[in-house]
Amino acid sequence: MREGKIYLTAKEVAEILGVSVGHSYKLVQKMNKELASKGYLVIAGKIPVRYFEERYYGFTA
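Dropping the structure here:
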């Protein structure tokens, strides 16, 4: 990953978690819904690195 990167793509999430890209899109979509319900603006197919770190134990960028 590029240093200082703010967002992870669904493809990068798939590589990190060892799942298919299709499944990672579902995970990203779920996390984006959580963020949207808290009032944050979201980008389809991407998730903030910091939020991903909070949600997945053992991950650091």
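Under the working numbering, the letters of the sequence shown match residues 5 to 65, in that order.
Even glycine gets a Cβ: it sits at the ideal position worked out from N, Cα and C.
Per DSSP, the bridge partner or partners of residue i
i, result
"Leu12", "Ile51"
Rounded distance between the beta-carbons of residue j and residue i, thought under 8 Å
i, j, result
"Lys50", "Thr13", "6 Å"
"Ala40", "Val32", "Not confirmed; about 12 Å, so no contact."
Selected residue, minimal CA-CA separation from residue i, among the options
i, options, result
"Ile10", "Pro52, Arg59, Glu58", "Pro52"
Inter-residue spacing [alpha-carbon to alpha-carbon] between residue i and residue j
i, j, result
"Tyr55", "His27", "18 Å"
"Gly22", "Lys15", "10 Å"
"Val17", "Glu57", "11 Å"
"Gly62", "Ile20", "11 Å"
"Glu7", "Arg59", "20 Å"
"Ala48", "Lys30", "11 Å"
CB contact below 9 Å: residue i versus chain C
i, result
"Glu19", "Absence of chain C from the displayed structure is noted, only one protein chain being present."
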